[in-house]
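For the sequence shown, our numbering puts the final residue at 1115, and the numbers step up evenly by one.
Glycine is no exception: its CB is placed at the ideal position from the N, C-alpha and C atoms.
Inspection log for the structure reproduced underneath, given as structure tokens.
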Amino acid sequence: MNKNQAISWKLGNAGNTSTPTVCNRFKHVLDVCSGNFQTYVLTNDLKLYDIKASSEEAWLSYKVAGPELHRGREPGEHIPFLLASDSLLLVNHLPVRQDVLKLYSKEQATLQALLKHVKEINAKNGTKTRGTVVQGDATVSAKYYYRLCTTLFYLLLLRMQSFRTFLVSRDTSRLVSIVLHDEIYLLYQRLLQCFCDNECLSLMTGTDREILQIYLDNVQVQIDLAELLITNDAEQRLDEATEAALLSIKSEWLRFLNEEVSEKTGNVTKQTKDFWQREENAKWLPLREPQRRIILDSSDVPLKLLDVNIFSSSPRFVLFSDVFCYLSGVQVVQYPLNLVWITTEVSELHRSRYKEKHRFMITIVTPEETLRCHTLNVADKMRWLGVLKAQVLQCLDKQAHDKQPLYRCAKYTYSDRYERLAGARYEGMWMIGQMDGIGTLASADRSYSGEFYHGSITGYGCMNRTVFGISTIYEGEFVNGKYDGYGRLKTTSNRSTHYFRYQGYFKADKYNGFGTLTTSAYQYNGDFVNDQKEGFGVMEDSLNGVKYIGMFMGDKKHGNGILVTTNGTYYAGFFANDTLTHSAGGLAIFPSGIYYRGELTIEGPFGKGMFYYPEREIEADQFELDDSNTKMAGHTMTGIFGGTWSGVKISSATMAMDQTFNKVPMLDLKINAERKWSSIFACFHETLFGTSDIVAIRRMDIKKVWNRVAIFVSRAKRKEQLKANSFAVASSGELDDRAAALICQAGYQLQHASTVSLRSSLSDSRLSLHNGAQGASPGGPSPPIAPDAISVQSFSSVASRGEEDEFMLNPSGYGGRARNSSPFRDLDFIPNFCIAAVDRDGLELLRNYLTDAFQCAYHPLHGLFEKLSNCFYSTYSCWKYTPHSILCEPAMNEWISIVSRIYTLVLTVMFPALPKDSIMIEDELVSYQSLLYPILMTQGIYSALFVLYASKCSKNDEIYRQRILICMKKTDENLIQLLDINRNLVPIIKHEKYQQAIESLNRFREKCCPSEMIKHINDAFTLVDQACKEQEVRMDVAADNLLELIIWLIIKADLPQLGAEISLLEDLMQNDYGVSYRNTQNDYCLITLKASYQHIISNNFFVNKTFDPTGTGA
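Spelled out as structure tokens, the structure:
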């Protein structure tokens, strides 16, 4: 390079001229080129210098080409301003704008000023120690500042490179100032924040401040560049998107320079720095954090507690940017500002107690305590109120003109000072210092997610906790932190020694009311009192399959009951301490048909008693469908017995031969059917109406009754959505007071929260509802909501009324609620049918409503019947053997009692116009059976009853089955001969209507509701009648022919166990339900069907005795 002494003036021919050397002669260089004999430098003021020239005045002017010279041509991106080769110099006259070049010079100057500091920073980072020893966190914070400075320097360097390219190409889309604006802007914000944080802790040096100032001065270059590009000439017109982006960039940099810089580097930062420099009390040091600012100190503006002991002084209050603190004894108590509420409300008690000070009172509500403070004058009060409000709103990301919200969502860990929840961690909703709404609370031995009310675990939720080393999980209702209401409790471990699962009602953490308890040893459905089985229940042993149905006391079998073993043996009597006592009146039934009455135990007879040994069945004088009245011939043995059932010891016994006695002994458990499952109804009333007193419930206003029904539906939906959201506040928008109030008062709804009517509570409801108070449509708009949930009213004081309205926390408006009020809103929509009167139209609406209600998972009627049906099904089904017919009567009585109690104890309360007894309304019978059987007689209930009745009618049904099987194997012609069917009836049998009658009767067995079963029987008989009329056969005259037609109908319909079906149907139609079928076509059809069944099982069924028993011949 120095071949021709081009730079000898600089080096003086000394040293190694091949080593690069910094040239400080030119400060702002635009381009440089070198040839064999000269080196030329083009500066930013467009002056061309020869580096050999010693005079600063020796320069040539660089001529900028006009825009018209390059019009229509895109200048190359890498075209240099100058080129030199050998002794030649080539100058490219490029279209450079001098106003842009001036900004480029400023950018160069900034980087030149920063380069020296960046070198120093890199040198310091190479060493492990810094000049001063500071705390670890402070060191990290300071290093973070230097890392930001370095990162921003290289980003500005990249920006300057794109700036130089822009000088020639004028392509704004490649300007780093635009493309990476967000990244640069964010780095500036972080750099400023980090400097202020460190400055508060006195960690910044003069050099650090100089670096920051260089960066801040460079902001004006970005503003000028944006302004320059926006006001460009018409030939370089910007598109709308680019112009909008530049306008946004300019406004952001102006806001940053005029607002953020002045705000962050203002008095607050200086005040914080002074505070930590002069603070000598070491108790405040744990609060010394870089991002924290001191806002106000009671040492500067007095603030004192109202109630201070005469032997102590008021603590010192300090308001930081994120916490409110005071020094109490040996520790500093601190509360995050997002959980601080400020109010100036003064109660009458405080007004009279503090006659002078109440005018200057400020109440500060925190999660752990309420601080009642006062200032010395109005000015100090307004100062504290102003800064407290501003900092609270800032922590809540609110605007300065907003009012402090009652409801908040935040995390908080309770201190050890708060004994009730010491160390507990809460995350969720708050309302005026208390956990309220939905949240999660975790402590050392338990964790809870769900609803909170007035600071306690009250509502619906899920709790995991460990009790006596056993981990459990509970999901259900709580009251004041205890299980209270309906819920599910189970262990999280499946180990057989500890496993249990309970589903039912609780009271104060104990089983109370109805419940189902499943352990590794047994399953129990029944009543509980204080964690003990008490009342009626059913227990089934999981190991040996033994089932007990009866009374309990003190967690043991105590009272009348029946014990059923897996081999089909039944023991009935009085139990005490889990044992069948030897008191008189016991009963033991054995699979062989032998049974015993008297004193007994499970092991054997014990005292006086009588054995019944049946030998043969006595033929009855009249036909009986089942064996309930069947008599047996045999012998009996009366005396005193002992020993075991397999080895009976006999003392003073007498045997009587050829005795007549019942095949099925009478079972009298002495347990009224109304007593069974009464706890389910009591818990239902308590949950729905708040009391189990049916008299008080009947006195309740009908609007209040339906209010509670609608509230129940709303709560059920809330529970479902809480579970779906994992008990979290899933809100897409901001949780303001209005939204939070809806969550806390009406139940959380994911899509929207509005006034809930009963109609909207049932999906696809066909109800016609109206507002009992105003007659408004339930689907109409919700009532207006108060827009201001916080500012309710003010009080008269010396201070301005308008200024203090925003510091009122009286929750009597929409956004809050009285502390002793219900957490749920009133919902007073009621139906307009069967309330005052009952008519045919109202009955139809009622049936539609009940159908929907019993099927809707949210309706209380659904839950009531689900529990009752599960209990009934578990009691009388799922047998591991053929059940004894002795259970038919108690099962039927229990089912009728369940349905009648649903009607009398529930429906007549909701629909007071319903009759207590059955009545006729326009030739239609209205009773609990006609109204509820079509809805409640499910397949499960019917199958449980049918299994018992099948056992009761097993003998007759077996004969019936065998004879139907023989008939089914015959051809139609052979069957006509076998049964001696009148040949004149053959056209009727083959008639189309008759075939439809067979199909109708066949569908009879698919139904489980008595009215539907009777309808199919009646339809079949009607079709037979129509077939006869079309064949000119009068059925009312030819009664014998009718019997033959019905028998043929039964055979072709292939109805299994018809006797059990008819017997069960008759019992279901007993009482007032059967009134509508007496002396009617329905009654006539059922009697005829029963007579046909009787004829089929009689000995005279096969008229023609010459037939092939195998059914294969004629």
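On the premise that residue j lies in contact with residue i, defined as a C-beta separation below 8 Å, what is that separation, rounded to the nearest angstrom?
{"i": "residue 523", "j": "residue 543", "result": "6 Å"}
{"i": "residue 32", "j": "residue 83", "result": "5 Å"}
{"i": "residue 869", "j": "residue 899", "result": "5 Å"}
{"i": "residue 65", "j": "residue 94", "result": "7 Å"}
{"i": "residue 912", "j": "residue 836", "result": "7 Å"}
{"i": "residue 906", "j": "residue 682", "result": "6 Å"}
{"i": "residue 197", "j": "residue 266", "result": "6 Å"}
{"i": "residue 883", "j": "residue 550", "result": "In fact, because the Cβ distance is near 17 Å, the residues do not count as touching under 8 Å."}
May I ask you to report which of helix, strand or coil DSSP gives residue i?
{"i": "residue 825", "result": "Caution applies to residue 825, whose pLDDT of 39 falls short of 50 and renders its modelled position unreliable; the model cannot decide the point."}
{"i": "residue 152", "result": "helix"}
{"i": "residue 163", "result": "helix"}
{"i": "residue 268", "result": "helix"}
{"i": "residue 1095", "result": "helix"}
{"i": "residue 342", "result": "strand"}
{"i": "residue 1", "result": "Any question about residue 1 goes unanswered here, given that the chain covers just 2 to 1115."}
{"i": "residue 728", "result": "coil"}
{"i": "residue 336", "result": "strand"}
{"i": "residue 419", "result": "coil"}
{"i": "residue 1065", "result": "helix"}
{"i": "residue 356", "result": "coil"}
{"i": "residue 254", "result": "helix"}
{"i": "residue 34", "result": "strand"}
{"i": "residue 524", "result": "strand"}
{"i": "residue 559", "result": "strand"}
{"i": "residue 182", "result": "helix"}
Who are the Cβ neighbours of residue i in its own chain at under 8 Å, not counting the five residues just before and after it?
{"i": "residue 262", "result": "193, 217"}
{"i": "residue 324", "result": "288, 293, 335, 336, 337, 338"}
{"i": "residue 1187", "result": "Lying before the first or after the last residue shown, residue 1187 is absent from the chain, which here runs from 2 to 1115."}
{"i": "residue 984", "result": "977"}
{"i": "residue 1095", "result": "624"}
{"i": "residue 595", "result": "612, 613, 614, 615"}
{"i": "residue 444", "result": "422, 424, 425, 426"}
Spatial neighbours of residue i within its chain, please: C-beta separation below 6 Å, excluding the five flanking residues on both sides.
{"i": "residue 327", "result": "316, 318, 334"}
{"i": "residue 750", "result": "Unreliable positioning characterises residue 750 in this predicted model, as indicated by a pLDDT of 33, which lies under 50. The coordinate reading is nonetheless provided below. For residue 750, where only same-chain residues beyond five positions count, there are no Cβ hits under 6 Å."}
{"i": "residue 547", "result": "566"}
{"i": "residue 609", "result": "599, 600, 641"}
{"i": "residue 276", "result": "295"}
{"i": "residue 250", "result": "182, 227"}
{"i": "residue 820", "result": "At residue 820 the pLDDT is 41, less than 50, meaning the model places this residue with poor confidence; the figure from the coordinates comes in the next sentence. Excluding residues within five positions, none has a Cβ falling inside 6 Å."}
Which residues in the same chain have their Cβ closer than 7 Å to the Cβ of residue i, if we skip the five residues on either side of it in sequence?
{"i": "residue 1053", "result": "999"}
{"i": "residue 1025", "result": "995, 998, 1046, 1050"}
{"i": "residue 485", "result": "478, 479, 507, 508, 509"}
{"i": "residue 388", "result": "296, 297, 320"}
{"i": "residue 466", "result": "446, 447, 473"}
{"i": "residue 410", "result": "429, 430, 730, 736"}
{"i": "residue 143", "result": "199, 204"}
Comparing the C-beta of residue i with each C-beta of chain D, is any distance below 8 Å?
{"i": "residue 708", "result": "Chain labels in this structure do not include chain D; a single protein chain is all it has."}
Is the segment 398-414 close to the segment 374-387, with three or more CB pairs under 8 Å? Counting Cβ pairs under 8 Å, fewer than three are found: no touch.
Could you name each continuous alpha helix (DSSP H) segment of 4 residues or more that falls completely within the segment 900-943, going from the start of the chain to the end? Contiguous alpha helix (DSSP H) elements confined to the segment 900-943 occur at 929-937, taking only those with 4 or more residues.
Would you call the segment 203-218 and the segment 110-120 touching, i.e. three or more CB-CB distances under 8 Å? Put simply, the segment 203-218 touches the segment 110-120. At least three CB pairs are less than 8 Å apart.
Given 8 Å, three or more beta-carbon pairs between the segment 604-624 and the segment 637-653: Three or more beta-carbon pairs separated by less than 8 Å link the segment 604-624 to the segment 637-653, which places the two stretches in contact.
In chain order, what are the residue ranges of uninterrupted alpha helix (DSSP H) at least 4 long that sit wholly in the segment 632-701? Here the runs fully enclosed are 679-690, 695-700.
Mind the definition here: the segment 987-1001 touches the segment 1013-1023 only if three or more C-beta pairs lie below 8 Å; say whether that holds. Flag = yes, the segment 987-1001 and the segment 1013-1023 touch.
At 3 residues or longer, and completely inside the segment 997-1036: list those beta strand (DSSP E) runs for me, N to C. None, since the segment 997-1036 contains no complete beta strand (DSSP E) of that length.
Segment contact flag, the segment 854-863 with the segment 711-730, C-beta cutoff 8 Å, min 3 pairs: Yes: the two stretches touch, three or more of their Cβ pairs being nearer than 8 Å.
Segment contact flag, the segment 580-596 with the segment 652-670, C-beta cutoff 8 Å, min 3 pairs: Between the segment 580-596 and the segment 652-670 there are three or more C-beta pairs closer than 8 Å, enough to call the two in contact.
Count the C-beta pairs between the segment 947-958 and the segment 882-894 that are closer than 8 Å, then say yes if the count reaches three, no if not. Contact between the segment 947-958 and the segment 882-894 is present, because at least three Cβ pairs lie under 8 Å.
Mind pulling the alpha helix (DSSP H) runs of 4 or more residues that sit fully within the segment 856-881? Secondary structure within the segment 856-881: the alpha helix (DSSP H) runs of 4 or more consecutive residues, fully enclosed, are 861-877 (chain order).
Would you call the segment 700-712 in contact with the segment 923-931, where contact means no fewer than 3 C-beta pairs closer than 8 Å? Between the segment 700-712 and the segment 923-931 there are fewer than three inter-stretch CB-CB distances shorter than 8 Å, so the stretches are not counted as touching.
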